[in-house]
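A.B. asks:
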Amino acid sequence: MLTTMTRWNKPASYALAGLGLAALLSFQTKPTQTKPTQKKPTAAKPAPSTPPAYNRLKSGIEYRIYKRVNGRYTRQPALVPAAAAAAYAKRIGQVMALHVEYRTAKDSVLFRSRQQTGGFPVRVPLEALVRKGGLEEAISLLQPGDSAAFRFNADSLSLKSSGQPAPPQIKKHGNTMRLLVKVAAIQSQADAMAAQQQMMEAMQAKAKLGEEKQKPVDDKLIQDYVQQNNLQVQKTASGLYYVVTQPGSGTPPTKGQTVSVHYRGTLLSGKEFDSSLKRGQPIDFPLGVGAVIPGWDEGIGLLSKGSKAILLIPSGLAYGARGAGADIPPHAVLRFDVELVDIKAAASEPR
């Protein structure tokens, strides 16, 4: 699963993410029908050919591209590869802003970028193609304003995009994937960076507002949990609750020092989502620099070497409205049973 210790709200740079183009799924090309005629019957003319479900490139990419004309989406004819390559060459060095959605062959949504970015497009730098048959080539086919549906073999897509086989969580849904894309804009790098900064500021403001509204909800959940489990806890100004179950010795770690921690993470329901104890290996990380969720940076910083403690972390200090993977839902309050195994000197400290 996604490592539970990664900060949920750490800003990302350019990254390919997702969209919602459900409307594309309903676009159908209807065969042309002719009206009956009273003239003398003649030899029947061949019916207009129906376009294939997907056009196909030599590299194996299957695609349908649509353009919006006069308020309607119209499917475009098959591309001429040489013309598409020449058009893309002129865009290399720019940045494409787009929305993306991954679906299974049975139409189940695997990933939708609008949910990850609060509705903002994600941005992908347009670079010279290194591999064909993968996401890079698929994106290279698109022009500003295009909407598209791509169909891939999951193993082939992964190998041609990253050089790695498709992960099990993808293949368990079948070996066919569909990618739906809408191009919002093609921008210069300077414009893209400015738009990315605006997006991050808007997302952070929205997340902060959501956290403030969620704080009293989480606090009530933790108080009820503490009462039900008869815990003698302490509360910090940030809203973190903790109880030291086994005192350690020495002074707490300071910012920048590497700490080694054993942990077991559960939801308040008791469902376990991660455990270093089962792996037999504690996690090492530098304290106080954002390498872990804020509740860990604060909570571990309260302990001394050898301490064991329970940390009850409100969602605003954990994974917030986004959750983490399939096991940590949005707005989840988390319990961590932790042991501070060791404190190591920071890189700049004498040993």
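Numbering-wise, the sequence shown is residues -17 to -1, 1 to 334 according to mature numbering (1 follows the signal peptide of the UniProt record, and there is no 0).
Where is the CB? At the ideal position from N, CA and C, for every residue including glycine.
None of these values were measured; they are calculated from a predicted model.
Got a sec? Which residues, its chain only, sit under 6 Å from Y246 by beta carbon, not counting five neighbours each side?
C.D. replies: Within the sequence shown, the letter at position 263 stands for residue 246. So the list reads S259, F319 and V321, once near-sequence residues are dropped.
A.B. asks: Check for me: the alpha helix (DSSP H) holding G248 runs from which residue to which?
C.D. replies: The count along the sequence shown starts at 1 and reaches residue 248 at position 265. It is not in any alpha helix (DSSP H) - G248 instead sits in the beta strand (DSSP E) that spans T241 to L250.
A.B. asks: Are the Cβ atoms of I169 and Q77 separated by less than 8 Å?
C.D. replies: For this step, residue 169 is matched to residue 186 along the sequence shown. For this step, residue 77 is matched to residue 94 along the sequence shown. A contact, by the Cβ cut-off of 8 Å.
A.B. asks: Rounded to whole angstroms, how far is the Cβ of A80 from the Cβ of A188, which I believe are closer than 8 Å?
C.D. replies: For the purposes of this step, residue 80 is taken as the residue at position 97 of the sequence shown. For the purposes of this step, residue 188 is taken as the residue at position 205 of the sequence shown. Not really, about 20 Å apart at Cβ, beyond 8 Å.
A.B. asks: Can you have a look at G101 and say buried or exposed, based on whether 16 or more other CB atoms are within 10 angstroms of its CB?
C.D. replies: To locate residue 101, count along the sequence shown from 1; it is residue 118. Exposure of G101 is indicated by the presence of fewer than 16 other C-beta atoms within 10 angstroms of its C-beta.
A.B. asks: At which residues does the beta strand (DSSP E) containing K261 begin and terminate?
C.D. replies: For this step, residue 261 is matched to residue 278 along the sequence shown. Boundaries around K261 are those of the alpha helix (DSSP H), S259 to R262, since no beta strand (DSSP E) includes it.
A.B. asks: Using the beta-carbon count (16 or more within 10 Å), is E120 buried or exposed?
C.D. replies: Residue 120 sits at position 137 when you count from the first residue of the sequence shown. Buried, since its Cβ has 16 or more Cβ neighbours within 10 Å.
A.B. asks: Measure the C-alpha to C-alpha separation of G128 and P297 and round it to an integer number of angstroms.
C.D. replies: Within the sequence shown, numbered from 1, the residue matching residue 128 stands at position 145. Within the sequence shown, numbered from 1, the residue matching residue 297 stands at position 314. Spanning the two alpha carbons is a distance of roughly 42 Å.
A.B. asks: Check each candidate in A132, I293 and L223 and name the one with the smallest Cα separation from A88.
C.D. replies: Along the sequence shown, one-based indexing puts residue 88 at 105. For A88, the nearest C-alpha among the options comes from A132.
A.B. asks: Give the single residue among D325, M176, G253 and E184 whose Cα lies nearest to the Cα of Q240.
C.D. replies: Position 257 of the sequence shown, counted from the start, is the residue given in the question as residue 240. For the options D325, M176, G253 and E184, the alpha carbon positioned closest to that of Q240 is the one of D325.
A.B. asks: Quick check on T100: does DSSP put it in helix, strand or coil?
C.D. replies: The residue labelled residue 100 in the question sits at position 117 within the sequence shown. In this structure, T100 counts as helix in the three-state DSSP scheme.
A.B. asks: Quick check: what's the CA-CA separation for A315 versus V200?
C.D. replies: In the sequence shown, counting from the first residue as 1, residue 315 sits at position 332. In the sequence shown, counting from the first residue as 1, residue 200 sits at position 217. One C-alpha to the other measures close to 11 Å.
A.B. asks: Entirely within the segment 140 to 200 and at least 3 residues each: give me those beta strand (DSSP E) ranges in chain order.
C.D. replies: 159 to 170
A.B. asks: Straight-line CA distance for T237 to K327?
C.D. replies: Taking the sequence shown and counting its residues from 1, one reaches residue 237 at position 254. Taking the sequence shown and counting its residues from 1, one reaches residue 327 at position 344. Those two C-alpha atoms are separated by around 10 Å.
A.B. asks: If you measure between the beta carbons of A292 and V226, is that distance less than 8 Å?
C.D. replies: Residue mapping note: residue 292 aligns to position 309 of the sequence shown, counting from 1. Residue mapping note: residue 226 aligns to position 243 of the sequence shown, counting from 1. Taking 8 Å as the Cβ cut-off, A292 and V226 qualify as a contacting pair.
A.B. asks: Rounded to a whole number of angstroms, what is the C-alpha to C-alpha distance between E175 and R74?
C.D. replies: Sequence index remark: in the sequence shown, residue 175 carries index 192 (1-based). Sequence index remark: in the sequence shown, residue 74 carries index 91 (1-based). Before going on, a small fix: residue 175 reads as Ala here, not Glu. Going from the Cα of A175 to the Cα of R74 covers about 14 Å.
A.B. asks: Beta-carbon of A68 versus every beta-carbon of chain D: anything under 8 Å?
C.D. replies: Annotation note: the requested chain D is absent from the structure, which comprises a single protein chain.
A.B. asks: Give me, in chain order, the residues of the same chain whose beta-carbon lies closer than 7 Å to that of Q197; leave out the 5 immediate sequence neighbours on both sides.
C.D. replies: Within the sequence shown, the letter at position 214 stands for residue 197. Excluding sequence neighbours, Q197 sits near S298, G299 and H314.
A.B. asks: Note down the Cα distance separating V107 from G289, rounded to an integer number of angstroms.
C.D. replies: Residue 107 sits at position 124 when you count from the first residue of the sequence shown. Residue 289 sits at position 306 when you count from the first residue of the sequence shown. Their Cα atoms are separated by approximately 46 Å.
A.B. asks: Please check the pair L286 and G231, which I expect to be a contact at CB under 8 Å, by giving their CB distance rounded to whole angstroms.
C.D. replies: For the purposes of this step, residue 286 is identified with residue 303 of the sequence shown, where counting begins at 1. For the purposes of this step, residue 231 is identified with residue 248 of the sequence shown, where counting begins at 1. Confirmed, about 6 Å.
A.B. asks: According to the Cβ coordinates, are V242 and L270 closer than 8 Å?
C.D. replies: Position 259 of the sequence shown, counted from the first residue, corresponds to residue 242. Position 287 of the sequence shown, counted from the first residue, corresponds to residue 270. Yes. Within cutoff.
A.B. asks: Can you tell me which of the three DSSP states T12 falls into?
C.D. replies: Position 29 of the sequence shown, counted from the first residue, corresponds to residue 12. Note that T12 has pLDDT 29, beneath the 50 cutoff, so the model's placement of it is unreliable and the number below is only indicative. Three-state DSSP puts T12 in coil, outside helix and strand.
A.B. asks: Between the alpha carbons of M186 and Q59, how many angstroms are there, rounded?
C.D. replies: Along the sequence shown, one-based indexing puts residue 186 at 203. Along the sequence shown, one-based indexing puts residue 59 at 76. Cα to Cα, M186 sits roughly 35 Å from Q59.
A.B. asks: Can you name the start and end residues of the alpha helix (DSSP H) that A328 belongs to?
C.D. replies: Translated into positions along the sequence shown, residue 328 becomes position 345. Taken as a continuous stretch (DSSP letters only), A328 belongs to no alpha helix (DSSP H), as it is neither H nor E.
A.B. asks: The beta strand (DSSP E) with A131 in it runs from where to where?
C.D. replies: Stepping through the sequence shown from its first residue, residue 131 is reached at position 148. Boundaries of the beta strand (DSSP E) harbouring A131: S130 to N136, taken from the DSSP string.
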